[in-house]
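Visitor: Heads up: the sequence shown runs through residues 1 to 370, numbered per UniProt numbering. Just so it is clear, CB atoms sit at the ideal spot from N, CA and C, and this is done for glycine as well.
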Amino acid sequence: TWMRSRSRTAAAAAKKYHPIAGTVLNQLLNFGRLHHYMTDLAGKHGTYRLLGPFWSEVYTSDPANVEYMLKINFENYGTGQYNNSLLKDLFGDGIFAVDGDKWRQQRKVSSYEFSTKVLRDFSSVVFRRNAAKLANTLSEAASTNQIVDMQDLFMKSTLDSIFKVAFGVELDSMCGTNEEGAEFSRAFDDASAMTLWRYVDISWEIKKFLNIGSEAALKKNIRIIDNFVYKLIRRKIEQMHNATNDPSMKKENTLSRFFQVTETDQTYLRDIILNFIIAGKDTTAATLSWFSYMLCKHPTIQEKVAREDVKICFSDDVFLDGFSVRKGELVSFQPYAMGRMKFIWGDDAEDFRPERWLDSNGVFQPESPF
1 TWMRSRSRTA AAAAKKYHPI AGTVLNQLLN FGRLHHYMTD LAGKHGTYRL
51 LGPFWSEVYT SDPANVEYML KINFENYGTG QYNNSLLKDL FGDGIFAVDG
101 DKWRQQRKVS SYEFSTKVLR DFSSVVFRRN AAKLANTLSE AASTNQIVDM
151 QDLFMKSTLD SIFKVAFGVE LDSMCGTNEE GAEFSRAFDD ASAMTLWRYV
201 DISWEIKKFL NIGSEAALKK NIRIIDNFVY KLIRRKIEQM HNATNDPSMK
251 KENTLSRFFQ VTETDQTYLR DIILNFIIAG KDTTAATLSW FSYMLCKHPT
301 IQEKVAREDV KICFSDDVFL DGFSVRKGEL VSFQPYAMGR MKFIWGDDAE
351 DFRPERWLDS NGVFQPESPF
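1) Identify whether residue 438 lies in helix, strand or coil by the three-state DSSP scheme.
2) Quick one: is Asn275 buried, meaning 16 or more other Cβ sit within 10 Å of its Cβ, or exposed?
3) Tell me Tyr48's beta-bridge partners as DSSP assigns them.
4) How is Val363 classed by DSSP in three states: helix, strand or coil?
5) Could you pull the start and end residues of the beta strand (DSSP E) that Leu330 belongs to?
6) When DSSP labels each residue in this structure, what does Ile301 get in the three-state scheme?
7) Using a Cβ-Cβ cutoff of less than 7 Å, which residues in the same chain neighbour Phe154 once the five nearest sequence positions on both sides are dropped?
8) CA-CA distance, Phe323 and Asp271?
9) How should Tyr59 be labelled, buried or exposed, when 16 other C-beta atoms within 10 angstroms of its C-beta is the threshold for buried?
10) Between the Cα of Tyr293 and the Cα atoms of Asp149, Ile273 and Arg223, which residue gives the shortest distance?
11) Less than 8 Å between the C-beta atoms of Asn130 and Asp160, yes or no?
12) The alpha helix (DSSP H) that contains Thr158, what's its start and end?
13) State the CB to CB distance for the pair Ser315 and Glu57, rounded to an integer number of angstroms; the pair is presumed to be in contact (CB under 8 Å).
14) Let me check understanding here. Comparing Cα to Cα, which of Ile206, Ala42 and Ala193 lies closest to Ala337?
15) Tell me which residue opens and which closes the alpha helix (DSSP H) that Ile206 is part of.
16) Express the C-alpha separation of Glu367 and Met341 in angstroms, rounding to a whole number.
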């Protein structure tokens with residue numbers, strides 16, 4: 001018994017954990033510059049921990065650790081109960097808020113549907129049409145010297161695209177011809193921001209119970225979202241029942257395939273829809289916003305372009321860097337910080353130099369996808 005006890009003690013002592021860089025309170029204090037704050041910490045530590053009242057969080061900018069989480073030991077890292085509690089009110093049992101069978105089912109259906117040639121061809125038409133709308137809006141603004149919010153336009157354009165491609169609905173939030181769609185768009189943006197705020201607001205559960213402050217506003221926005229989405233679901237059910245012999249109805253959008261999986265559970269369909277929206281809208285719009293911003297900051301690169309045309313750890317584990325991760329810890333990788341790490345890209349990591357990915361002949365040289 002003594003030997004086994006000493007062995008366990010030695011094993012526990014042998015584990016080493018990433019350095020503690022602060023607390024979640026520091027995230028709250030730096031919320032207005034959160035990406036820069038987290039990048040500063042990543043520059044000092046690479047991978048580090050932040051302490052919460054009853055938990056700890058691990059953040060990494062090491063590509064080897066990211067590959068380990070997303071590929072090598074994928075089954076050990078997932079959403080977990082903590083993330084689910086924060087996300088469930090808005091995203092329900094959608095792919096970003098669940099693990100296990102529901103995650104696999106949604107992943108399987110969506111990956112199959114988005115890999116089909118029919119959908120690729122259809123989405124290309126939709127994206128080009130909405131890009132033309134966006135270009136026309138910018139052209140009109142330029143001709144009248146009007147200031148525009150580029151990120152807002154990108155958000156609306158990508159939202160319109162994902163609604164048409166995935167659900168067969170012409171939302172037209174960019175041009176504002178659909179007032180109901182515009183109201184949904186505003187409510188979804190506000191609800192997403194309030195859900196994100198929960199990660200640094202340690203009193204959100206109290207505010208939810210009392211129905212005050214940001215939680216009262218979140219509840220109101222979710223009510224608007226639900227009214228719009230459930231109306232969409234009922235309309236889609238009616239269309240499918242009235243056109244069972246029309247094959248184009250089944251191939252027009254991704255939602256049709258999920259109806260084949262679970263037509264009766266409208267709450268689950270609602271969750272799937274909202275998760276698809278967040279996947280197709282914010283990521284693309286944020287990328288386009290940063291791309292435009294960097295081109296404006298670097299006109300020489302702009303000219304060249306013009307000429308060209310939280311995971312949760314499910315069991316104790318050890319990262320490839322040799323440091324341990326405890327069961328139940330939040331583990332996140334930081335794309336924003338990783339794009340600025342000198343140990344990954346060299347001393348000029350923060351210089352906007354896209355030619356770093358081209359060889360002497362101008363051929364693209366891919367880096368690790370992680």
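Guide: Per the coordinate set shown:
1) Examination of residue 438 is not possible in this model, given that the chain is present from 1 through 370 alone.
2) Working through the sequence shown from its first residue, we reach residue 275 at position 275. When all chains shown are included, Asn275 counts as buried.
3) Here the question's residue 48 lines up with position 48 in the sequence shown. For Tyr48, which the question treats as bridged, DSSP gives the partners Tyr59.
4) As a first step, residue 363 is located in the sequence shown; it is residue number 363 there, counting from the start. Coil at Val363, not helix or strand.
5) The sequence position of residue 330 within the sequence shown is 330, counting from 1. Counting along the chain, the beta strand (DSSP E) containing Leu330 begins and ends at Leu330 to Phe333.
6) Here residue 301 corresponds to residue number 301 of the sequence shown, with the count starting at 1. Residue state, collapsed to three classes: helix.
7) The count along the sequence shown starts at 1 and reaches residue 154 at position 154. Exclusion of the five residues before and after Phe154 leaves Ala285, Leu288 and Ser289 as the residues of its chain whose Cβ lies within less than 7 Å of its Cβ.
8) To locate residue 323, count along the sequence shown from 1; it is residue 323. To locate residue 271, count along the sequence shown from 1; it is residue 271. Cα to Cα, the separation comes out at about 36 Å.
9) Working through the sequence shown from its first residue, we reach residue 59 at position 59. With 16 or more other CB atoms across the displayed protein chains lying within 10 angstroms of its CB, Tyr59 is buried.
10) As a first step, residue 293 is located in the sequence shown; it is residue number 293 there, counting from the start. Taking Tyr293 as reference, the option from Asp149, Ile273 and Arg223 with the minimal CA-CA separation is Asp149.
11) Along the sequence shown, one-based indexing puts residue 130 at 130. Along the sequence shown, one-based indexing puts residue 160 at 160. The Cβ-Cβ distance between Asn130 and Asp160 falls below 8 Å.
12) As a position in the sequence shown, residue 158 is number 158, starting the count at 1. Taken as a continuous stretch (DSSP letters only), the alpha helix (DSSP H) holding Thr158 covers Met150 to Phe167.
13) Locating residue 315 in the sequence shown gives position 315, counting from the first residue. Locating residue 57 in the sequence shown gives position 57, counting from the first residue. Contact flag wrong, Cβ pair sits at about 17 Å.
14) Looking up residue 337 in the sequence shown gives position 337. The candidate whose alpha carbon is nearest that of Ala337 is Ala42.
15) The count along the sequence shown starts at 1 and reaches residue 206 at position 206. In the DSSP annotation of this structure, the continuous segment of the alpha helix (DSSP H) that includes Ile206 starts and ends at Trp204 to Leu210.
16) For the purposes of this step, residue 341 is taken as the residue at position 341 of the sequence shown. For the purposes of this step, residue 367 is taken as the residue at position 367 of the sequence shown. Distance from the CA atom of Met341 to the CA atom of Glu367, rounded to whole angstroms, is 14 Å.
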